[in-house]
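Notes follow the structure.
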Amino acid sequence: MSAKLSAGEVFLLIAVVGIVFAFLGRPVPFNNEYVYLLRLLDGFLPNDWTFSSSANEHAIFNYIFSLPAAVLPIELVGWLGRLFSWVFCGFGIILLARYWNLTPLSTGISFFFWILIGQSVVNGEWIFGGFEAKTIAYSFLLLALWMTAAGKLSIGGVFLGLTFAFHPAVGIWSIAAASVAVFAIRPGLTSLIRFYILILVGMLPGILPLLGNQLSADANNNENWKFLVTQAIAHHLDPYAYSRSEFGCLFIMFFFAVAYMLSQKRKELTFLTVFLSVLAIFYIAAFILRATDQFTLLRFMPMRLFPLFTPLFFLFSFFSLIGRGKPGLWTVPLFLIALVGYVPAYRSGPGIEQIIQNFDSWTAEEDDLAKAFDWVRENVPADAVTLTPPTRKDVWYRSQRATIVSFRYPVYSNLTEWRKRIDEVTGGVRIQKAENAIEEVDNAYSKLSPDMVIGLKRKYGVSYILTRSQYPFEIVYQNSHWTIYKIQGGDYEARK
């Protein structure tokens with residue numbers, strides 16, 4: 090099957106990019122881009138602990154895209170990267186949709202309804218949004234699925250391997266599922282062996298940087314990963330973080346899609362059915378790992394892909410079924426089943442509000458904390474270490490100054506040190522509810538005593554603190570909600 094797009098599909102690809110921009114085209118940087126794009130800058134904040142720590146899980150992405158980042162503004166790199174990944178991920182989805190015999194219009198409607206629920210039902214995973222390593226990985230994955238399903242195993246294997254090279258947590262599960270699903274197309278032994286070898290070849294650039302991190306004792310500390318799974322990033326790692334209704338609608342979608350795809354008796358759809366079914370097994374396995382407290386294994390995110398591909402394949406199947414011909418007795422019950430699967434996902438998802446939030450992000454004024462960060466950038470010495478709220482993602486981008494630690498960006502290469510620093514800047518916070526973690530960490534940070542702040546100054550060389558609280562230090566900046574103090578330990582000790 091040719092990869093050349095028809096005129097209708099070209100128009101659809103343009104529409105896909107337009108839909109993504111309308112729903113998710115926030116200013117650059119946004120969300121994870123506040124760290125991932127800054128990591129592309131050579132020597133950014135060398136005295137900051139987070140940025141001086143390794144990020145080997147994204148080593149290939151960082152190396153390749155550091156080249157344009159060396160000569161272009163980081164905002165432009167972000168926009169170019171977004172457009173690149175939106176186009177190629179959209180291209181891959183359009184090619185996959187052909188296996189359902191969908192018209193460009195039906196594919197576009199399916200895509201719209203998928204974006205409407207936030208792309209995944211649970212787990213907070215996405216393909217379209219900002220620019221980071223996983224968006225490149227998904228570009229390769231979608232194209233690899235299309236090619237492998239069509240029997241093009243050589244290039245499909247290389248692309249599956251590159252999925253891992255760019256983002257191991259996406260690649261490991263997609264490779265495992267595709268390695269089983271490939272038997273559905275009944276390849277010859279030689280083709281099968283070549284397929285697996287080429288997967289490994291594609292993986293190699295990503296495997297080598299990871300070995301040191303994954304084999305270290307710190308990476309396998311169960312207590313550290315328990316903290317991450319159950320408290321810090323439960324929305325990504327914890328199978329228990331979502332409601333039964335969300336799980337129920339996810340599996341209704343799954344069984345609907347599987348039943349339809351198998352009924353078509355096409356080897357391509359059989360391949361994708363097995364692929365999705367193996368992802369479902371990984372998803373269920375995550376619950377077993379959680380029930381047995383195997384938190385170090387949950388770090389590989391076995392539930393990552395199933396909630397993402399299930400609604401996409403479900404919508405393709407539903408609109409393929411609707412477009413088959415004249416309505417019959419099957420129409421009403423199947424339509425009701427589809428509604429039971431989709432409506433709870435829509436109600437729990439972000440919905441059309443994404444467009445409003447996107448518009449607001451372009452027109453909103455800076456909040457008081459952003460203004461305080463701006464003041465730090467303009468007035469605090471470049472080599473200073475600051476003490477700032479540990480839950481704000483844009484702290485480095487706006488302030489351009491080193492901090493002690495960020496709760497939003499765990500340093501996976503040294504989780505023990507990361508947890509220790511979180512304890513130090515929050516007075517040993519004990520998070521009660523994962524869904525309130527950000528608020529609880531912020532409140533704990535605001536309760537640091539003056540003696541604790543002085544202790545952080547002595548240990549880490551902190552010279553400024555940005556806070557909502559009152560301290561007996563020199564005020565150098567203040568707005569309606571936030572104050573910046575210059576920490577002078579000697580004067581404070583004298584006053585005591």
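The sequence shown begins at 90 in the numbering used here and counts up one residue at a time.
Note that CB positions come from ideal geometry on N, CA and C, so glycine has one too.
This structure is a prediction, so every number in the text was calculated from the model and none was measured.
So, using beta-carbon positions, are residue i and residue j closer together than 9 angstroms?
{"i": "L458", "j": "L555", "result": "yes"}
{"i": "L401", "j": "Q567", "result": "no"}
{"i": "I394", "j": "S263", "result": "With the sequence shown as reference, residue 394 is identified as Leu, and Ile is not the correct amino acid for it. Contact flag set, yes."}
{"i": "T270", "j": "Y188", "result": "The amino acid occupying residue 270 in the given sequence is Ala; Thr does not appear at that position. In this structure, Y188 does not lie closer than 9 angstroms to A270 by Cβ."}
{"i": "L184", "j": "L232", "result": "yes"}
{"i": "L504", "j": "D307", "result": "yes"}
{"i": "I282", "j": "G240", "result": "no"}
{"i": "Y349", "j": "S406", "result": "yes"}
{"i": "L84", "j": "I163", "result": "The question about residue 84 has no answer here: the residues shown for the chain are numbered 90 through 585."}
{"i": "L169", "j": "P157", "result": "yes"}
{"i": "I108", "j": "F201", "result": "yes"}
{"i": "E529", "j": "V518", "result": "yes"}
{"i": "L297", "j": "P276", "result": "no"}
{"i": "I216", "j": "Y227", "result": "yes"}
Output needed for residue i: all residues of its chain with C-beta closer than 7 angstroms, excluding positions within five of it in sequence on either side, in chain order.
{"i": "G114", "result": "N447"}
{"i": "A583", "result": "Unreliable positioning characterises A583 in this predicted model, as indicated by a pLDDT of 48, which lies under 50. The coordinate reading is nonetheless provided below. Nothing listed; no residue qualifies."}
{"i": "A374", "result": "P391"}
{"i": "W451", "result": "P116"}
{"i": "D531", "result": "P478, T480"}
{"i": "A526", "result": "Q320, A321, I520"}
{"i": "K223", "result": "H256, V259"}
{"i": "I225", "result": "F150, S174, F255"}
{"i": "Y329", "result": "R379"}
{"i": "L339", "result": "V210, V211, P396, T399"}
{"i": "E563", "result": "Y574, K575, Q577"}
{"i": "D472", "result": "N136"}
{"i": "A461", "result": "L555, Y566, N568, W571, I573"}
{"i": "A266", "result": "F364, V367, L368"}
Assuming residue i contacts residue j under a Cβ cut-off of 8 angstroms, what Cβ separation, rounded to an integer in Å, is found between them?
{"i": "I198", "j": "F408", "result": "6 angstroms"}
{"i": "I204", "j": "F112", "result": "5 angstroms"}
{"i": "I573", "j": "W464", "result": "7 angstroms"}
{"i": "G246", "j": "L287", "result": "3 angstroms"}
{"i": "V500", "j": "I511", "result": "That belief does not hold up - the Cβ atoms of V500 and I511 are roughly 10 angstroms apart, past 8 angstroms."}
{"i": "V124", "j": "Y498", "result": "5 angstroms"}
{"i": "N145", "j": "G219", "result": "Rounded, the Cβ-Cβ distance is 21 angstroms, inconsistent with contact."}
{"i": "L387", "j": "W507", "result": "Their Cβ separation, rounded to whole angstroms, is 17 angstroms, which puts L387 and W507 out of contact at 8 angstroms."}
{"i": "L476", "j": "Y553", "result": "7 angstroms"}
{"i": "S558", "j": "S142", "result": "About 29 angstroms separates the two Cβ atoms, so there is no contact after all."}
I'd like the span of the beta strand (DSSP E) that includes residue i, first residue to last.
{"i": "Q567", "result": "563 to 567"}
{"i": "Y329", "result": "Neither: Y329 is in no beta strand (DSSP E) and is coded neither H nor E."}
{"i": "V474", "result": "474 to 476"}
{"i": "Y574", "result": "572 to 575"}
Along the alpha helix (DSSP H) that carries residue i, what are the first and last residues, could you check?
{"i": "Y372", "result": "356 to 380"}
{"i": "T385", "result": "384 to 387"}
{"i": "S89", "result": "Absent from the model: residue 89. The displayed extent of the chain is 90 to 585, so no value can be given."}
{"i": "K223", "result": "222 to 238"}
{"i": "I341", "result": "333 to 352"}
{"i": "W451", "result": "442 to 452"}
{"i": "W215", "result": "Premise fails: W215 is in no alpha helix (DSSP H) and is neither H nor E."}
{"i": "F253", "result": "242 to 255"}
{"i": "R487", "result": "484 to 488"}
{"i": "A461", "result": "457 to 468"}
{"i": "N313", "result": "311 to 316"}
Quick one: what's got a C-beta closer than 6 angstroms to residue i's C-beta in the same chain, skipping five residues either side?
{"i": "G213", "result": "H324, H325"}
{"i": "V565", "result": "I573, K575"}
{"i": "D449", "result": "none"}
{"i": "Q489", "result": "R466"}
{"i": "I370", "result": "none"}
{"i": "D482", "result": "It should be pointed out that residue 482 corresponds to Lys in this sequence rather than to Asp. Excluding positions up to five away in sequence, the list reads Y123, R497."}
{"i": "D137", "result": "A491"}
{"i": "M342", "result": "T399, P400, F403, G430"}
{"i": "P193", "result": "G97, E98, L101"}
Starting from the C-beta of residue i, find all residues in its chain whose C-beta is less than 8 angstroms away, skip the five residues before and the five after it, and write them out in chain order.
{"i": "F229", "result": "F248, L249, L251, T252, F255"}
{"i": "V105", "result": "W175, G179, I182, I183, G197, F200"}
Secondary structure, beta strand (DSSP E): runs of 3+ residues fully inside the region 505 to 561: 551 to 556
3-residue-minimum beta strand (DSSP E) runs that sit fully inside the region 101 to 147, ordered along the chain: The region 101 to 147 contains no whole beta strand (DSSP E) run of 3 or more residues.
Within the region 143 to 212, ranges of the alpha helix (DSSP H) (whole runs, at least 4 residues): 148 to 158, 163 to 186, 193 to 205
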